[in-house]
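In structure tokens, the structure reads:
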């Protein structure tokens with residue numbers, strides 16, 4: 030009987046100790062988050078880091094490349110458009126890139142991703158910052174969208190993330206050093222009228238990036254960081270013709286502003302970045318409000334009609 034009591038007491042003490050440690054760590058993490066809300070976290074140095082950016086031939090990808098060039102990073106540029114990507118390469122060199130290499134790669138093709146990844150490893154070395162930025166949008170209602178276009182959306186917007194992680198994450202794990210950046214969308218957080226396939230692919234990208242963050246954390250890979258970026262529409266031409274009826278709450282974002290925020294998030298190792306900040310409130314309200322109330326708010330801010338004027342990226346002649 031005495032042995033049973035001692036065993037129960039030992040179990041109780043162990044449970045109490047684990048609870049106190051948990052509460053202490055939780056309190057510390059909350060206080061740390063509050064402190065960094067008012068005092069910016071120290072920015073890490075990415076000089077000499079090898080940064081791979083998909084979709085670097087234009088838009089955000091090109092602007093990100095130029096910013097990392099100014100920070101002294103080694104750049105690996107991937108795009109399906111060889112000419113545009115070579116132009117980004119030239120601009121990055123002029124911006125002061127330590128070293129830059131451009132590769133033609135169709136990220137929708139798994140075999141091509143693996144093939145070009147092997148080239149990068151042989152010719153440049155280990156990638157330490159991986160930015161999955163490449164994306165496409167069909168802009169068609171679900172029943173009007175051909176199957177092949179929906180499949181292409183998934184291949185570029187989501188599946189490419191799987192293949193690039195498979196290609197470059199093992200070395201990051203071996204080195205316990207790396208940063209995985211997912212450029213998703215506000216359409217990866219809430220459904221949007223007229224963007225069913227795009228939303229699905231971007232939701233998938235967010236879910237994958239989150240789960241890989243949890244997986245690396247559970248495996249105690251503290252040197253591997255994750256940043257998940259979800260912006261509203263950006264003036265890059267990709268969503269040409271789209272409008273907002275609430276520019277104060279949901280403005281069409283300037284690319285330079287978005288890139289500046291992304292760079293800051295990466296350098297401060299921030300997990301989530303939503304733009305504009307109204308999206309943080311949207312996510313909270315989505316969790317607590319009745320569905321009908323949420324739909325009324327969406328209607329009020331014009332969320333149902335943002336795709337009405339969509340024309341998409343104009344092809345250069």
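Residue numbers (the numbering used here): 30 to 346.
Note that CB positions come from ideal geometry on N, CA and C, so glycine has one too.
Nearest neighbour of residue 223, chosen from 275, 333, 297 and 78 [CA to CA]: As a first step, residue 223 must be located in the chain shown, where it is residue number 194. Here the closest residue by C-alpha is 333.
Check each candidate in 111, 120 and 87 and name the one with the smallest Cα separation from residue 98. Indexing the chain shown from 1 puts residue 98 at position 69. The shortest C-alpha separation from residue 98 is found at 120.
Within the same chain, show all residues whose beta-carbon is closer than 8 Å to that of residue 82, passing over the 5 residues directly before and after it, in chain order. For this step, residue 82 is matched to residue 53 along the chain shown. The residues are 90, 93, 94, 97, 104, 105, 106, 107, 160 and 162.
By Cβ distance, which residues of its chain are closer than 7 Å to residue 346, with the 5 residues on each side in sequence left out? Mapped onto the chain shown, residue 346 falls at position 317. Any reading at residue 346 needs caution, since the residue's pLDDT is 39, under 50, leaving its predicted position unreliable; the model's value is listed next. Taken in chain order, the list of residues that qualify is empty.
For a test of the three-state rule: what should DSSP assign to residue 380, helix, strand or coil? Here the chain covers residues 30 to 346 and nothing more, so residue 380 does not appear.
What residue range is occupied by the uninterrupted beta strand (DSSP E) comprising residue 72? Position 43 of the chain shown, counting from 1, holds the residue named residue 72. Counted as a single uninterrupted DSSP element, the stretch harbouring residue 72 is not any beta strand (DSSP E), since DSSP gives it neither H nor E.
For residue 334, name the three-state secondary structure that DSSP assigns. Working through the chain shown from its first residue, we reach residue 334 at position 305. Three-state result, residue 334: helix.
What three-state label does DSSP hand residue 254 in the structure shown? Taking the chain shown and counting its residues from 1, the one referred to as residue 254 is at position 225. Residue state, collapsed to three classes: strand.
Where DSSP assigns a beta bridge to residue 208, which residues make up the other side? As a first step, residue 208 is located in the chain shown; it is residue number 179 there, counting from the start. Residue 208 pairs with 158 and 254.
Within 10 angstroms of its Cβ, does residue 171 collect 16 or more other Cβ (buried), or is it exposed? In the chain shown, residue 171 corresponds to position 142, counting from 1. Exposed: under 16 other Cβ atoms inside 10 Å.
For residue 137, which of 157, 109, 204 and 123 has the nearest alpha-carbon? Your numbering for residue 137 matches position 108 in the chain shown. Among 157, 109, 204 and 123, the Cα nearest to that of residue 137 belongs to 109.
Applying the criterion that 16 or more other CB atoms from any shown protein chain within 10 Å of the CB defines a buried residue, is residue 270 buried or exposed? Indexing the chain shown from 1 puts residue 270 at position 241. Exposed, because fewer than 16 other Cβ atoms sit within 10 Å of the Cβ of residue 270.
Once you ignore the five residues that flank residue 267 on each side, which residues in its own chain have a CB closer than 7 Å to its CB? Position 238 of the chain shown, counted from the start, is the residue given in the question as residue 267. Counting only Cβ-Cβ distances below 7 Å, and skipping sequence neighbours, we find 88, 166 and 342.
Helix, strand or coil for residue 235 per DSSP? Position 206 of the chain shown, counted from the start, is the residue given in the question as residue 235. Looking at residue 235 - three-state DSSP - the assignment turns out to be helix.
Here's a check: name, in chain order, each residue in its chain whose Cβ is nearer than 7 Å to the Cβ of residue 272, leaving out the five neighbours to either side. For this step, residue 272 is matched to residue 243 along the chain shown. 335 and 338, listed in sequence order.
Rounded separation between residue 313 and residue 127 - CA only: Taking the first residue of the chain shown as 1, we reach residue 313 at position 284. Taking the first residue of the chain shown as 1, we reach residue 127 at position 98. Roughly 42 Å between the two C-alpha positions.
Candidates 291, 114 and 130: closest to residue 255 by CA position: Translated into the one-based positions of the chain shown, residue 255 becomes position 226. With distances taken between Cα atoms, residue 255 lies closest to 291.
Can you round the beta-carbon distance between residue 70 and residue 250 to whole angstroms, since I take them to be within the 8 Å contact cut? For this step, residue 70 is matched to residue 41 along the chain shown. For this step, residue 250 is matched to residue 221 along the chain shown. With 8 Å as the limit, residue 70 and residue 250 do not qualify as a contact, their Cβ atoms being about 20 Å apart.
Between the Cα of residue 115 and those of 153, 214, 275 and 134, spot the shortest distance and give me the residue it belongs to. Position 86 of the chain shown, counted from the first residue, corresponds to residue 115. Cα-wise, what sits closest to residue 115 is 134.
Bridge partners for residue 291 per DSSP, in chain order? One-based indexing of the chain shown puts residue 291 at position 262. Residue 291 pairs with nothing; no bridge assigned.
Taking Cβ to Cβ, would you say residue 45 is nearer than 8 Å to residue 154? Within the chain shown, numbered from 1, the residue matching residue 45 stands at position 16. Within the chain shown, numbered from 1, the residue matching residue 154 stands at position 125. Residue 45 is not a Cβ neighbour of residue 154, given a cutoff of 8 Å.
Could you spell out the range, first to last residue, of the alpha helix (DSSP H) harbouring residue 310? Taking the first residue of the chain shown as 1, we reach residue 310 at position 281. That run of the alpha helix (DSSP H) goes 307-317.
Under 8 Å between the Cβ atoms of residue 279 and residue 241? If you number the chain shown from 1, residue 279 lands on position 250. If you number the chain shown from 1, residue 241 lands on position 212. No, the Cβ-Cβ distance between residue 279 and residue 241 is not below 8 Å.
How is the alpha helix (DSSP H) around residue 111 delimited, first residue to last? Numbered from 1 along the chain shown, position 82 holds the residue referred to as residue 111. Here the alpha helix (DSSP H) through residue 111 covers 111-123.
If you run the structure through DSSP and keep just helix, strand and coil, what is residue 346? By one-based count along the chain shown, residue 346 stands at place 317. Bear in mind that the predicted position of residue 346 carries a pLDDT of just 39, short of 50, making it unreliable; the figure below should be weighed with that in mind. Coil at residue 346, not helix or strand.
Ignore the nearest five residues each way along the sequence and tell me which others in residue 174's own chain have a CB closer than 8 Å to its CB. The residue you call residue 174 lines up with position 145 of the chain shown. Hits under 8 Å: 167, 225 and 226.
Member of 289, 282, 277 and 264 whose CA lies at the smallest distance from the CA of residue 340: Start at 1 with the first residue of the chain shown, and residue 340 comes out as number 311. Selected option, being the one with the closest Cα: 264.
Nearest-angstrom Cα distance between residue 190 and residue 102? Mapped onto the chain shown, residue 190 falls at position 161. Mapped onto the chain shown, residue 102 falls at position 73. Their Cα atoms are separated by approximately 22 Å.
Is residue 280 helix, strand or coil when you go by DSSP? Sequence index remark: in the chain shown, residue 280 carries index 251 (1-based). In this structure, residue 280 counts as coil in the three-state DSSP scheme.
For residue 104, write down the residues that DSSP places opposite it in a beta bridge. Taking the chain shown and counting its residues from 1, one reaches residue 104 at position 75. 80 and 129.
Within its chain, find whatever has a CB closer than 6 Å to the CB of residue 149; leave out the 5 residues flanking it on each side and keep chain order. As a position in the chain shown, residue 149 is number 120, starting the count at 1. Once the five neighbours on either side are set aside, the close Cβ partners of residue 149 are 105.
Taking C-beta to C-beta, are residue 259 and residue 214 nearer than 8 Å? Within the chain shown, residue 259 is the residue found at index 230, counting from 1. Within the chain shown, residue 214 is the residue found at index 185, counting from 1. Yes. Within cutoff.
Work out the CA separation of residue 244 and residue 218 for me, nearest whole Å. Here the question's residue 218 lines up with position 189 in the chain shown. Here the question's residue 244 lines up with position 215 in the chain shown. It is roughly 21 Å from the alpha-carbon of residue 218 to the alpha-carbon of residue 244.
By DSSP's criteria, residue 260 is part of a beta bridge. Which residues make up the other side? Along the chain shown, one-based indexing puts residue 260 at 231. In the DSSP output, where bridge partners are listed per residue, residue 260 has 304.
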